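J.: First, the structure itself, so that you have it in front of you.
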Amino acid sequence: MVLFGLLLLPILLLLLFIVRPRPVNIPIKKRHVFITGCSMGIGLAIAKQAASEGAGISLLVRSLDQLEKAKQSIHQVYEVEVSIFSADVRDYDSVECAINKAGPIDILVVNHGVYYLEELEKQGVDVVKIMVDVNLMGSFNVIKAALPLMKDRKDRGPASIALMSSMACQVGTYGFAAYSATKFGL
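Here it is, written out as C-alpha coordinates:
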(Lines of atoms letter the chains of each structure in order from A and count residues from 1; the text may use other names and numbers.)
(Lines give C-alpha, C1' and ligand atoms only; values in the text may rest on other atoms or scores of the structure.)
Protein backbone atom coordinates (compact mmCIF):
# COMPACT_ATOMS: atom_id res chain seq x y z
CA MET A 1 0.00 0.00 0.00
CA VAL A 2 2.86 2.38 0.84
CA LEU A 3 4.51 1.57 -2.47
CA PHE A 4 1.27 2.38 -4.31
CA GLY A 5 1.10 5.75 -2.49
CA LEU A 6 4.70 6.55 -3.38
CA LEU A 7 4.01 5.78 -7.05
CA LEU A 8 0.80 7.79 -7.07
CA LEU A 9 2.27 10.89 -5.42
CA PRO A 10 4.52 11.96 -8.35
CA ILE A 11 1.63 11.49 -10.78
CA LEU A 12 -0.66 13.66 -8.65
CA LEU A 13 2.02 16.34 -8.33
CA LEU A 14 2.56 16.33 -12.09
CA LEU A 15 -1.18 16.67 -12.72
CA LEU A 16 -1.39 19.50 -10.21
CA PHE A 17 1.46 21.30 -11.98
CA ILE A 18 -0.16 20.85 -15.40
CA VAL A 19 -3.72 21.90 -14.54
CA ARG A 20 -3.06 24.65 -11.98
CA PRO A 21 -4.32 28.11 -12.95
CA ARG A 22 -1.63 30.43 -14.22
CA PRO A 23 -1.65 34.21 -14.03
CA VAL A 24 -2.75 35.92 -17.20
CA ASN A 25 -0.52 38.69 -18.48
CA ILE A 26 -2.70 41.37 -20.05
CA PRO A 27 -0.71 44.11 -21.79
CA ILE A 28 -1.74 47.63 -20.80
CA LYS A 29 -0.32 49.40 -23.83
CA LYS A 30 -2.88 51.90 -25.17
CA ARG A 31 -5.22 51.20 -22.24
CA HIS A 32 -6.48 53.85 -19.82
CA VAL A 33 -5.16 53.66 -16.25
CA PHE A 34 -6.85 55.96 -13.71
CA ILE A 35 -4.95 56.36 -10.42
CA THR A 36 -5.93 58.20 -7.23
CA GLY A 37 -3.40 59.32 -4.63
CA CYS A 38 -0.55 59.37 -7.11
CA SER A 39 1.42 62.54 -6.45
CA MET A 40 4.21 60.57 -4.73
CA GLY A 41 5.18 57.18 -3.37
CA ILE A 42 3.45 54.02 -4.51
CA GLY A 43 0.84 55.84 -6.61
CA LEU A 44 3.43 57.77 -8.61
CA ALA A 45 5.50 54.61 -9.04
CA ILE A 46 2.43 52.80 -10.40
CA ALA A 47 1.77 55.70 -12.79
CA LYS A 48 5.36 55.60 -14.05
CA GLN A 49 5.25 51.83 -14.50
CA ALA A 50 2.00 52.08 -16.47
CA ALA A 51 3.52 54.87 -18.57
CA SER A 52 6.60 52.74 -19.25
CA GLU A 53 4.27 50.08 -20.65
CA GLY A 54 2.54 52.59 -22.95
CA ALA A 55 -0.72 53.15 -21.10
CA GLY A 56 -2.64 56.42 -21.10
CA ILE A 57 -2.64 57.79 -17.56
CA SER A 58 -5.16 59.83 -15.58
CA LEU A 59 -4.11 61.14 -12.18
CA LEU A 60 -6.51 62.29 -9.45
CA VAL A 61 -5.20 64.17 -6.40
CA ARG A 62 -6.53 67.09 -4.34
CA SER A 63 -3.60 69.43 -4.96
CA LEU A 64 -3.22 70.86 -8.46
CA ASP A 65 0.44 71.74 -7.72
CA GLN A 66 1.21 68.13 -6.81
CA LEU A 67 -0.62 66.94 -9.92
CA GLU A 68 1.49 69.18 -12.15
CA LYS A 69 4.71 67.92 -10.53
CA ALA A 70 3.63 64.30 -10.95
CA LYS A 71 2.69 64.90 -14.58
CA GLN A 72 6.05 66.56 -15.28
CA SER A 73 7.98 63.72 -13.63
CA ILE A 74 6.21 61.23 -15.90
CA HIS A 75 6.65 63.35 -19.04
CA GLN A 76 10.38 63.76 -18.36
CA VAL A 77 10.85 60.06 -19.03
CA TYR A 78 7.84 58.78 -20.99
CA GLU A 79 5.95 60.07 -24.00
CA VAL A 80 2.42 59.09 -23.02
CA GLU A 81 -0.82 60.94 -22.53
CA VAL A 82 -1.19 62.10 -18.92
CA SER A 83 -4.44 63.76 -17.84
CA ILE A 84 -4.72 65.36 -14.42
CA PHE A 85 -7.78 65.96 -12.27
CA SER A 86 -7.94 67.82 -9.00
CA ALA A 87 -10.70 66.54 -6.72
CA ASP A 88 -11.24 65.57 -3.11
CA VAL A 89 -12.30 61.91 -2.94
CA ARG A 90 -14.69 62.80 -0.10
CA ASP A 91 -16.79 64.80 -2.59
CA TYR A 92 -18.65 62.29 -4.79
CA ASP A 93 -19.82 64.91 -7.29
CA SER A 94 -16.31 66.24 -7.98
CA VAL A 95 -14.95 62.69 -8.28
CA GLU A 96 -17.74 61.73 -10.68
CA CYS A 97 -17.10 64.86 -12.76
CA ALA A 98 -13.36 64.08 -12.99
CA ILE A 99 -13.96 60.46 -13.95
CA ASN A 100 -16.54 61.41 -16.58
CA LYS A 101 -14.03 63.86 -18.09
CA ALA A 102 -11.35 61.16 -18.08
CA GLY A 103 -13.49 58.79 -20.13
CA PRO A 104 -13.69 54.98 -20.13
CA ILE A 105 -11.31 53.42 -17.61
CA ASP A 106 -9.61 50.08 -18.21
CA ILE A 107 -7.67 49.90 -14.95
CA LEU A 108 -8.70 51.76 -11.80
CA VAL A 109 -6.09 52.04 -9.05
CA VAL A 110 -7.60 53.34 -5.80
CA ASN A 111 -4.44 54.36 -3.96
CA HIS A 112 -5.32 57.46 -1.95
CA GLY A 113 -5.12 57.53 1.81
CA VAL A 114 -4.48 59.69 4.82
CA TYR A 115 -3.34 58.91 8.34
CA TYR A 116 -2.71 60.76 11.57
CA LEU A 117 -0.33 59.00 13.94
CA GLU A 118 -1.70 59.33 17.46
CA GLU A 119 -2.95 57.18 20.31
CA LEU A 120 -6.65 56.52 19.87
CA GLU A 121 -7.59 57.90 23.30
CA LYS A 122 -5.93 61.21 22.38
CA GLN A 123 -7.22 61.32 18.81
CA GLY A 124 -10.17 63.60 18.18
CA VAL A 125 -13.35 62.23 16.64
CA ASP A 126 -13.03 64.82 13.86
CA VAL A 127 -9.61 63.40 12.90
CA VAL A 128 -10.97 59.84 12.86
CA LYS A 129 -13.87 61.04 10.68
CA ILE A 130 -11.43 62.51 8.16
CA MET A 131 -9.63 59.16 7.88
CA VAL A 132 -12.93 57.27 7.49
CA ASP A 133 -14.17 59.76 4.89
CA VAL A 134 -10.96 59.72 2.83
CA ASN A 135 -9.77 56.13 3.17
CA LEU A 136 -13.07 54.27 3.20
CA MET A 137 -15.82 56.48 1.79
CA GLY A 138 -13.43 58.09 -0.70
CA SER A 139 -12.65 54.65 -2.11
CA PHE A 140 -16.36 53.91 -2.37
CA ASN A 141 -16.93 57.25 -4.15
CA VAL A 142 -14.20 56.57 -6.72
CA ILE A 143 -15.37 53.04 -7.49
CA LYS A 144 -19.05 54.01 -7.65
CA ALA A 145 -18.28 56.86 -10.06
CA ALA A 146 -16.00 54.72 -12.25
CA LEU A 147 -18.12 51.57 -12.53
CA PRO A 148 -20.60 52.81 -15.16
CA LEU A 149 -17.77 53.86 -17.50
CA MET A 150 -15.86 50.65 -16.85
CA LYS A 151 -18.91 48.54 -17.64
CA ASP A 152 -19.72 50.46 -20.85
CA ARG A 153 -16.32 49.88 -22.47
CA LYS A 154 -16.54 48.12 -25.81
CA ASP A 155 -13.89 45.77 -27.21
CA ARG A 156 -11.15 46.93 -24.84
CA GLY A 157 -10.35 43.71 -23.01
CA PRO A 158 -10.93 43.04 -19.33
CA ALA A 159 -11.21 45.83 -16.78
CA SER A 160 -9.58 45.79 -13.35
CA ILE A 161 -9.94 47.59 -10.03
CA ALA A 162 -7.06 47.59 -7.55
CA LEU A 163 -7.63 48.81 -3.99
CA MET A 164 -4.52 49.72 -2.01
CA SER A 165 -4.84 48.87 1.63
CA SER A 166 -2.10 48.66 4.25
CA MET A 167 -0.28 46.09 6.32
CA ALA A 168 -1.48 48.21 9.26
CA CYS A 169 -4.89 46.61 8.82
CA GLN A 170 -3.44 43.14 9.33
CA VAL A 171 -1.04 43.83 12.18
CA GLY A 172 -1.80 46.15 15.06
CA THR A 173 0.58 49.10 15.00
CA TYR A 174 0.94 51.58 17.84
CA GLY A 175 -0.76 54.88 17.03
CA PHE A 176 -2.56 53.61 13.93
CA ALA A 177 -5.81 52.26 15.43
CA ALA A 178 -8.20 54.46 13.44
CA TYR A 179 -6.12 54.29 10.26
CA SER A 180 -5.93 50.50 10.53
CA ALA A 181 -9.70 50.27 10.85
CA THR A 182 -10.28 52.42 7.75
CA LYS A 183 -7.86 50.40 5.64
CA PHE A 184 -9.23 47.10 6.95
CA GLY A 185 -12.63 48.21 5.64
CA LEU A 186 -11.26 48.00 2.11
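According to mature numbering (1 follows the signal peptide of the UniProt record, and there is no 0), the residues represented by the sequence shown are -21 to -1, 1 to 165, in order. For glycine and all other residues, C-beta sits at the position ideal for the given N, C-alpha and C. Owing to the predicted nature of the structure, the values given are computational and were not obtained by experimental measurement.
Using a Cβ-Cβ cut-off of 8 Å, state whether N120 counts as contacting chain C.
T.: Structure shown: chain C not included; a single protein chain is present.
J.: So the candidates are L43, F119, N90; which of them puts its Cα closest to the Cα of E75?
T.: Here the question's residue 75 lines up with position 96 in the sequence shown. That would be F119, whose Cα lies nearest to the Cα of E75.
J.: Here's the rule I'm using: 16 or more other beta-carbon atoms within 10 Å means buried, otherwise exposed. How should R41 be labelled?
T.: Within the sequence shown, residue 41 is the residue found at index 62, counting from 1. It counts as buried.
J.: Taking all protein chains shown into account, do 16 or more other C-beta atoms lie within 10 angstroms of the C-beta of M110, making it buried, or fewer, making it exposed?
T.: What you label residue 110 is simply residue 131 of the sequence shown in a count that begins at 1. With 16 or more other Cβ atoms within 10 Å, it is buried.
J.: If I follow the unbroken beta strand (DSSP E) through T15, where does it start and stop?
T.: Within the sequence shown, residue 15 is the residue found at index 36, counting from 1. Unbroken beta strand (DSSP E) run through T15: 11 to 15.
J.: For Y94, count neighbouring C-beta atoms within 10 Å of its own C-beta (all shown protein chains included) and say buried if the count is 16 or more, exposed if not.
T.: Working through the sequence shown from its first residue, we reach residue 94 at position 115. By the 10 Å Cβ count, Y94 comes out buried.
J.: Applying the 10 Å Cβ sphere with the 16-neighbour rule, what's the burial state of M19?
T.: Taking the sequence shown and counting its residues from 1, the one referred to as residue 19 is at position 40. Classification of M19: exposed, given that the 10 Å Cβ count is below 16.
J.: With a cut-off of 8 Å on the beta carbons, I'd call F64 and K80 a contact; round off their distance for me.
T.: As a first step, residue 64 must be located in the sequence shown, where it is residue number 85. As a first step, residue 80 must be located in the sequence shown, where it is residue number 101. Their Cβ separation, rounded to whole angstroms, is 7 Å, which keeps F64 and K80 in contact under 8 Å.
J.: For S73, which of helix, strand or coil comes out of DSSP?
T.: Position 94 of the sequence shown, counted from the start, is the residue given in the question as residue 73. Reduced to three states, the DSSP call for S73 is helix.
J.: Distance, Cα to Cα, D105 vs D134?
T.: Position 126 of the sequence shown, counted from the start, is the residue given in the question as residue 105. Position 155 of the sequence shown, counted from the start, is the residue given in the question as residue 134. Using only the alpha carbons, I get a separation of about 45 Å.
J.: Given a cut-off of 8 Å on the beta-carbon distance, is the pair A29 and I36 in contact?
T.: If you number the sequence shown from 1, residue 29 lands on position 50. If you number the sequence shown from 1, residue 36 lands on position 57. Contact: yes.
J.: Grab me the residues of K8's own chain with a C-beta within less than 8 Å of its C-beta, minus the 5 sequence neighbours each way, in chain order.
T.: The count along the sequence shown starts at 1 and reaches residue 8 at position 29. The residues are E32, G33, A34.
J.: Got a sec, what are the start and stop residues for the beta strand (DSSP E) A34 sits in?
T.: Numbered from 1 along the sequence shown, position 55 holds the residue referred to as residue 34. Note, A34: premise wrong, no beta strand (DSSP E); not H, not E.
J.: To the nearest angstrom, how far is it from the Cα of E58 to the Cα of E98?
T.: Position 79 of the sequence shown, counted from the start, is the residue given in the question as residue 58. Position 119 of the sequence shown, counted from the start, is the residue given in the question as residue 98. Distance between the alpha carbons of E58 and E98: 45 Å.
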